[in-house]
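Numbering (our numbering), first residue to last: 11 to 92. Input: a single structure, listed below in structure tokens.
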Amino acid sequence: MNRTQQAWKEKKAAGALLMDVKSAFDNVSRPILSRRLGELGIEADLIRWKDSFMSDRRVKLVLEGRESEEPEVETGVPQGPR
11 MNRTQQAWKE
21 KKAAGALLMD
31 VKSAFDNVSR
41 PILSRRLGEL
51 GIEADLIRWK
61 DSFMSDRRVK
71 LVLEGRESEE
81 PEVETGVPQG
91 PR
């Protein structure tokens, strides 16, 4: 938001691209996304922030009161409850 407001103050254009593609977020690869963002010229600090957001995640399933182990999640973007 700060960058958008700064661009507006400087009379520059600013925009965002948001997409909702069914099941796409579940299959995002962190390294591939980082590489692609770099290729698109996205600033390194934003790529690092995204990497942090997608790192050190685990998943645990609970079925009929029984809990699974908590393996690390390597793909997908956290989206909150569905």
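Positions of the beta carbon are idealized from the N, C-alpha and C atoms, including for glycine. Nothing here was measured: the structure is a model prediction, and the numbers come from that model.
(message) Excluding the 5 residues flanking R7 on each side, which residues of the same chain have their C-beta closer than 6 Å to its C-beta?
(response) Past the edges of the chain, shown from 11 to 92, lies residue 7, and the structure says nothing about it.
(request) Tell me whether S65 counts as near the ligand GTP, meaning its Cβ is closer than 7 Å to at least one heavy atom of that ligand. (result) Ligands in the displayed structure: none, and consequently the ligand GTP is not present.
(message) If distances are taken between C-alpha atoms only, which option among L71, R13, S33 and A34 comes closest to G24?
(response) Residue mapping note: residue 24 aligns to position 14 of the sequence shown, counting from 1. Correcting the residue type first, residue 24 is Ala in the shown sequence and not Gly. For the residues L71, R13, S33 and A34, the minimum Cα distance to A24 belongs to R13.
(message) If you follow the alpha helix (DSSP H) that G48 is in, where does it begin and where does it stop?
(response) In the sequence shown, the residue the question calls residue 48 occupies position 38. Unbroken alpha helix (DSSP H) run through G48: R40 to E49.
(message) Let's see if you can read the secondary structure: which residues bound the alpha helix (DSSP H) around K60?
(response) As a first step, residue 60 is located in the sequence shown; it is residue number 50 there, counting from the start. First-last of the alpha helix (DSSP H) with K60: A54 to F63.
(request) Quick one: measure Cβ to Cβ for R67 and P88, integer angstroms, because I've assumed they're closer than 8 Å. (result) For the purposes of this step, residue 67 is taken as residue 57 along the sequence shown, with counting starting at 1. For the purposes of this step, residue 88 is taken as residue 78 along the sequence shown, with counting starting at 1. Yes, R67 and P88 are in contact; Cβ-Cβ is about 7 Å, under 8 Å.
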